[in-house]
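Colleague: For the sequence shown, this note's numbering begins at 3 and goes up steadily by one.
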Amino acid sequence: MKKILLQVLLLAAIAALVWWLYSLFNTPLEFERIRKEREAQVVERLKDVREAQRAYRAKYMKFTPNFDSLIAFVEHDSLVLERAIGSEDDSLAMALGQVRREKFRVAVKDTVQFYTLGGDFNNLRYIPFSIEATGELQQFAMDTASIETESKVVVPVVEVFAQYPTFLGDLDKQELINFRDYQVNTLSRADGLKVGSLTATTNEAGNWE
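1. Lys-105 and Phe-123: beta carbons closer than 9 Å?
2. What span of residues does the beta strand (DSSP E) with Asp-145 cover, start to end?
3. With Glu-41 and Leu-195 assumed to form a contact (beta carbons below 8 Å), what rounded beta-carbon distance in angstroms separates them?
4. From this set, Phe-69, Phe-33, Leu-31 and Phe-181, which residue's C-alpha is nearest Leu-140's C-alpha?
5. In angstroms, rounded to a whole number, what distance separates the CA positions of Val-156 and Ile-149?
6. Rounded to whole angstroms, what is the Cα-Cα separation between Phe-33 and Leu-178?
7. Rounded to whole angstroms, how far is the Cβ of Ile-129 from the Cβ of Ala-164, which I believe are closer than 8 Å?
8. Skipping 5 residues on each side, what residues in its chain have a beta carbon closer than 7 Å to that of Phe-142?
9. Tell me whether Trp-210 sits in a helix, a strand or coil according to DSSP, three-state version.
10. How many angstroms separate the CA atom of Thr-66 from the CA atom of Gly-208?
11. Is it the case that the Cβ atoms of Thr-1 and Lys-64 are separated by a distance below 9 Å?
12. In whole angstroms, give me the CA-to-CA distance for Pro-158 and Thr-29.
13. Please identify the residue among Ala-60, Phe-75 and Leu-72 whose C-alpha is closest to the C-alpha of Val-82.
14. What separation, rounded to the nearest whole angstrom, lies between the Cα atoms of Phe-75 and Thr-203?
15. Report the partner residues of Pro-158 according to the DSSP bridge assignment.
16. Using a Cβ-Cβ cut-off of 6 Å (strictly less than) and excluding sequence neighbours within five positions of Asp-172, which residues of its own chain qualify?
17. Please work out which residues of its chain come closer than 7 Å, Cβ to Cβ, to Val-186, disregarding the five sequence neighbours upstream and downstream, and give them in chain order.
18. So, with DSSP's three-state summary, where would you put Ser-132?
19. In the DSSP assignment, find the unbroken beta strand (DSSP E) run with Lys-196 in it and report its ends.
20. Going by DSSP, what residue range makes up the alpha helix (DSSP H) through Leu-189?
21. So, with DSSP's three-state summary, where would you put Glu-41?
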């Protein structure tokens, strides 16, 4: 009887050791897999916000720091575009003034192609997977500023940011701590994904690019 009990205990100990070794190697791999999948979708949403902001700047010569105004712009505003009446490749027509340019209006939502909104422009403001990570929808942090360049030109800038815990916060805590520490302290990168900058003219580049 004692021998059987010892065998059962030994098998249980072996099973626990196997599970511990599996978790030891699988946890970092699973964290990386999910992190990459989520980052890809956050990046796509950031690209959508960037395109909306660029359209806003094209009309108003500045960015907006407010998602309400940005979403209202996309849903209800329009852009003034130009098109040529006649062929600009026809040098004779150009010389005779037979080619003219005409301005026309197009709804913003018909000029900007969005990929992650599912037909709801209000989704522009929300960070994908934020419900899973924090228990509630989280908005991107967004702000604007103006920077004077060396040539004394004032340039509008925008920054849209999602900190890592807002979309990874439900994953393994230690793996997340290690990842954030590596990004910030080893690579000197931001503690999250973002487009643009409030301190430099980056042409709204993403920090993943």
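We treat Cβ as the ideally placed atom computed from N, Cα and C, and that holds for glycine.
Modeller: In terms of the structure at hand:
1. Locating residue 105 in the sequence shown gives position 103, counting from the first residue. Locating residue 123 in the sequence shown gives position 121, counting from the first residue. Not closer than 9 Å, so no.
2. To locate residue 145, count along the sequence shown from 1; it is residue 143. Its beta strand (DSSP E) spans residues 143-150.
3. As a first step, residue 41 is located in the sequence shown; it is residue number 39 there, counting from the start. As a first step, residue 195 is located in the sequence shown; it is residue number 193 there, counting from the start. The pair is a contact, with the Cβ atoms about 6 Å apart (cut-off 8 Å).
4. As a first step, residue 140 must be located in the sequence shown, where it is residue number 138. The sequence given here has Gln at residue 140, not Leu. Cα-wise, what sits closest to Gln-140 is Phe-69.
5. Locating residue 156 in the sequence shown gives position 154, where the first residue counts as 1. Locating residue 149 in the sequence shown gives position 147, where the first residue counts as 1. If you take the alpha carbons of Val-156 and Ile-149, they lie about 5 Å apart.
6. Residue 33 sits at position 31 when you count from the first residue of the sequence shown. Residue 178 sits at position 176 when you count from the first residue of the sequence shown. Rounded to whole angstroms, Phe-33 to Leu-178 spans 8 Å at the Cα level.
7. By one-based count along the sequence shown, residue 129 stands at place 127. By one-based count along the sequence shown, residue 164 stands at place 162. Between Ala-164 and Ile-129 the Cβ distance is about 5 Å, and since that is below 8 Å, they are a contact.
8. Translated into the one-based positions of the sequence shown, residue 142 becomes position 140. Result list for Phe-142: Val-51, Arg-127, Ile-129, Val-162, Phe-163 and Ala-164, in chain order.
9. Counted from its first residue, the sequence shown places residue 210 at position 208. Coil at Trp-210, not helix or strand.
10. Indexing the sequence shown from 1 puts residue 66 at position 64. Indexing the sequence shown from 1 puts residue 208 at position 206. Approximately 18 Å, taken between the alpha carbons.
11. Lying before the first or after the last residue shown, residue 1 is absent from the chain, which here runs from 3 to 211.
12. Mapped onto the sequence shown, residue 158 falls at position 156. Mapped onto the sequence shown, residue 29 falls at position 27. The alpha-carbon atoms of Pro-158 and Thr-29 are separated by roughly 43 Å.
13. For the purposes of this step, residue 82 is identified with residue 80 of the sequence shown, where counting begins at 1. Out of Ala-60, Phe-75 and Leu-72, Ala-60 has the C-alpha closest to the C-alpha of Val-82.
14. For the purposes of this step, residue 75 is taken as the residue at position 73 of the sequence shown. For the purposes of this step, residue 203 is taken as the residue at position 201 of the sequence shown. The straight-line gap from Cα to Cα measures roughly 24 Å.
15. Taking the first residue of the sequence shown as position 1, residue 158 is located at position 156. Its beta-bridge partners are Ser-148.
16. In the sequence shown, residue 172 corresponds to position 170, counting from 1. Correct list, in chain order: Glu-134 and Ala-135.
17. Against the sequence shown, residue 186 aligns to sequence position 184. The answer, listed in chain order, is Asp-193.
18. Position 130 of the sequence shown holds residue 132. Note: Ser-132 maps to helix in three-state DSSP.
19. To locate residue 196, count along the sequence shown from 1; it is residue 194. Run containing Lys-196: 194-198, per the beta strand (DSSP E) assignment.
20. One-based indexing of the sequence shown puts residue 189 at position 187. First-last for Leu-189: undefined, no H or E at that position.
21. Translated into the one-based positions of the sequence shown, residue 41 becomes position 39. Residue state, collapsed to three classes: helix.
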